[in-house]
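Here the sequence shown stands for residues -22 to -1, 1 to 499, where the numbers follow mature numbering (1 follows the signal peptide of the UniProt record, and there is no 0).
Where a beta carbon is used, it is the ideal one built from N, C-alpha and C, also for glycine.
For clarity, every value in this text was computed on a predicted model and none was experimentally measured.
Down below is the structure, laid out as structure tokens.
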Amino acid sequence: MMNFKSITFFVVFLSCLLVSKAEKVEVVVEGATSIAQTDEDFICVTLDWWPTNKCDYDQCPWGQAGLFNLDLKNKILEKAVKAFHPLRIRVGGSLQDQVVYNVRNNIENCQPFQKQDKGFLFGFSIGCLDMKRWDELNEFFNQTRAKVTFGLNALIGRKESETEKTLWVGDWYSHNARDLMSYTISKGYTIDSYELGNELCGVGVSARIEAKQYAKDMATLKNLVKEMYPNPKTQPKILGPGGFYDKKWFDTFLDASGHDVIDGVTHHIYNLGPGNNPDVVRRVQDPFFLTQIAQTFKDVSNAIVKFAPWSGAWVSESGGAYNSGGQLVSYTFAFGFWYLDQLGMTSVYNHKVYCRQALTGGNYALLNTTTFVPNPDYYGALLWHRVMGSKVLSVTHKGSPYLRVYSHCAKKEPGVSFVFINLSKNTSFEIDLFHDLNLNGGSPNFEFKGHKKREEYHLTPKDGNILSSIVLLNGTPLELSDSLEIPELKPKLVDGLKPISISAHSIAFVIIRDFNAPACS
């Protein structure tokens, strides 16, 4: 008969096996050539126009985070943006097509958005941007060294169709945009790119514009930018249409837009459903669900190759769950599964930039809407920005689909960087790397054994709870210092001969400096 100690040991041993079993996985990297390339500043976030009384599902999660209300002097906000050196910031969102710019001080009663029951899109009036607020925003962008995309009002000058619901007709009125550009240039403010309109393509969200008309308006914007910024070296890029992919509409739009007009073909992703969907937490852990959106990324890239090869694909807004994000998920560790997988997938499909909704505001913000304290995804974004270079490598494995792996050339220094996303609650993985240098396919692959120490950043949720809003880096909680500094992100150094260990429900960034991929040289 087993004594008490033996029984206790057996129960503990059995429970350990049930909690987390390790699975060995061989990961193959094709290092001879890259398969895609992102912009150096791939990570982007949106600052949105939503006012305090933007509410969904009996909650109003935007607080003072909208562009008219945001406290631009907040030190945490400033330091959070500065940490990226630089961070792309897109100024835009649903209400951008209702913003007028009071450059000439000729708009009486220039006020932010007011709640309206009828006659306006999204239930809000026209919002008026005065130049004092524009100066304050640009002072913030300059102070934080942000790279700015500005979303222009694409509905100004048009009217609603008398025969087709939600369709807006007529040419874009560019004079207000010209005034804003003229003022911006006179003040020495730098704009990286201008995007025309928000979610007006295809069937639209609250309004829509026909594809050929939109193409005509993009040409008008391109000519305006060329006139206002004659130096090609400092000329802002032109982006559009900034909405949901619709094959027929996008093909028509790109075919009609003309050579070299559009620099970035922008589209939006909200593939997790509405913010009150109780299934969001399951979806962010489901590899089969996460993979479904890959076809959209591929279709956008293919359309660009066919109709506009001089441009690049951008995701210019992506919040996962629409209507201000998943109520109980979007600000937690779990949302990082979806977010980092999106970054990996879009980079594989040759997207240049990925804009997260939002920097602050809503449930899906990288920074807490009230305190500006970083949510878990902030650190995932910051690590991606710091370690994942622009060249994308092909990486495959035949193990569990719950292990997601992406690989890029390392940023700035030699080597190769990986991000491992373990969606499994119960399975950990031990990774052996293989280097495929065979350009023609087939064997052999060479097992890689590093002689230098690896740099590893393991992100895990506090107490193993993926719905926690506190993230640990290599076992230590990431928290602001007493002086409100963003914590330093230090890797742990691991013997390069050992397998890479990825624990259950975790995310890991790994840099191997002596992985000599010819594509990265």
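For residue i: DSSP bridge partner residues
i    : result
Y384 : V397
I247 : S296
E463 : In the DSSP output, where bridge partners are listed per residue, E463 has none listed.
F311 : Beta-bridge pairing links F311 to no other residue.
C22  : R66, C333
Q273 : DSSP lists no partner for Q273.
Whole-angstrom distance between residue j and residue i, CA atom to CA atom
i           : j    : result
G453        : P252 : 33 angstroms
I464        : L458 : 5 angstroms
F311        : G221 : 27 angstroms
F350        : T168 : 25 angstroms
V394        : S152 : 46 angstroms
C106        : V488 : 47 angstroms
S406        : R66  : 34 angstroms
L202        : F396 : 42 angstroms
K431        : K60  : 29 angstroms
P64         : K143 : 42 angstroms
T269        : Q263 : 11 angstroms
R491        : N416 : 21 angstroms
D319        : I399 : 7 angstroms
residue 511 : C38  : Given a span of -22 to 499 for the chain in the structure shown, any question on residue 511 remains unanswerable.
Q15         : G166 : 31 angstroms
T24         : K110 : 21 angstroms
S139        : V147 : 6 angstroms
L158        : L55  : 26 angstroms
L344        : F228 : 30 angstroms
F267        : R261 : 6 angstroms
Distance cut-off 7 angstroms: residue i Cβ against heavy atoms of the ligand NAP
i    : result
T374 : Although the ligand NAP was asked about, the structure shown includes no ligands whatsoever.
Burial state of residue i (16 or more Cβ within 10 Å)
i    : result
F231 : buried
T374 : exposed
R334 : buried
D95  : exposed
V215 : For clarity, residue 215 is Lys in the given sequence; the question names Val instead. With 16 or more Cβ atoms within 10 Å of its Cβ, K215 is classed as buried.
S499 : exposed
R382 : buried
N341 : buried
K211 : exposed
Anticipated Cβ contact below 8 angstroms, residue i with residue j, distance rounded
i    : j    : result
I13  : S481 : In fact, because the Cβ distance is near 29 angstroms, the residues do not count as touching under 8 angstroms.
K57  : L462 : 7 angstroms
R68  : T127 : 4 angstroms
V293 : Y332 : 5 angstroms
L99  : Q76  : 6 angstroms
G129 : G41  : About 21 angstroms separates the two Cβ atoms, so there is no contact after all.
W28  : G339 : 6 angstroms
A486 : D26  : Incorrect: roughly 31 angstroms between the Cβ atoms, too far for contact.
A175 : G242 : The sequence as given places Gly at residue 175; Ala does not occur at that position. That belief does not hold up - the Cβ atoms of G175 and G242 are roughly 13 angstroms apart, past 8 angstroms.
Y309 : N353 : 5 angstroms
Close Cβ partners of residue i (< 8 angstroms) along its chain, the five nearest in sequence each way excluded
i    : result
S279 : A291, Y327, N328, H329
A197 : S235, G236, V239
Y357 : L437, V449, L451, L456, L467
Nonlocal neighbours in the same chain, by C-beta distance under 7 angstroms from residue i, ignoring five residues either side
i    : result
A497 : G9, A10, T11, S12, K369, L371, C387
V34  : Before going on, a small fix: residue 34 reads as Asp here, not Val. If we look at D34 and ignore the five residues flanking it on each side, its Cβ neighbours are G253, N301, S302.
Beta-carbon contacts of residue i that lie in its chain and below 6 angstroms, excluding the five residues immediately before and after
i    : result
H363 : I21, F62
L411 : V5, F426
A272 : M323
Y317 : D355
S402 : Y380, A482
Q92  : S103
E433 : P469, I489
V258 : L250, A299, G304, V307
A193 : F231, A234, S235
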